[in-house]
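Numbering (this note's numbering), first residue to last: 28 to 216. For glycine and all other residues, C-beta sits at the position ideal for the given N, C-alpha and C. Here the structure is laid out as structure tokens; the discussion comes afterwards.
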Ligand SMILES: [Zn+2]
Ligand SMILES: [Zn+2]
């Protein structure tokens, strides 16, 4: 037991502890900001959609389209597989009854920093496997989840459950956050 006490007293252990604590404090501060900005990002998406030629009013919401309903069957989206697609086995691709969800999907792609904006249809950026499209109009964090990395976040459904790396990923991958930074965040990936 005394061995452990020695380890804890060592300056390098204390430094690790301080670093971990610093990361926790930073994450907690960023959390509040990210929650506000991702809601703003959703509002902005809705403004963009409303402005389109066949625009949809911001007051209209949809909770019927699943992520599989919204996505076209394409293994590049990292949800589908080659051959018989399990992802689209029960839920097929279909048009949103409000002409809305596929437009939100398009906007999520557009906001992704690492998408080729000239070839949006083949963008591999957003992690669709993480998100639940039925909640896009109700819970902006489901939009944030499209900008997280693929692993480890499927069952984390709020900002509070998301770790430091996840919060940073949302800030870097979702270009909407760029306007809050003087530096270009592109090289930080
Ligand atoms: Zn599929
Ligand atoms: Zn829909």
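Taking 7 angstroms as the cut-off, one finds at least one heavy atom of ligand 1 near enough to the beta carbon of residue 107. Around the beta-carbon of residue 46, fewer than 16 other beta-carbon atoms lie within 10 Å, marking it exposed.
The count of Cβ pairs closer than 8 angstroms, one atom from the segment 57-65 and one from the segment 170-189, reaches three, so the stretches are in contact.
One thing to note: residue 77 has its Cβ within 8 angstroms of the Cβ of residue 85.
Residue side-chain check: residue 115 places its Cβ nearer than 7 angstroms to a non-hydrogen atom of ligand 1. Residue 136 is positioned such that its CB atom lies closer than 8 angstroms to that of residue 142.
With 7 angstroms as the limit between CB and the heavy atoms of ligand 2, the residues that fall short of it are 89, 91, 92, 123, 124, 125, 127 and 128. Measuring C-alpha to C-alpha distances from residue 179 to each of 166, 167, 165 and 194 identifies 194 as the nearest.
Nearest in C-alpha terms to residue 66, of all of 212, 164, 196 and 56, is 164. Each residue's CA atom was taken as its position, placing residue 90 and residue 125 some 10 angstroms apart. Take the alpha-carbon of residue 117 and the one of residue 181: they are about 20 angstroms apart.
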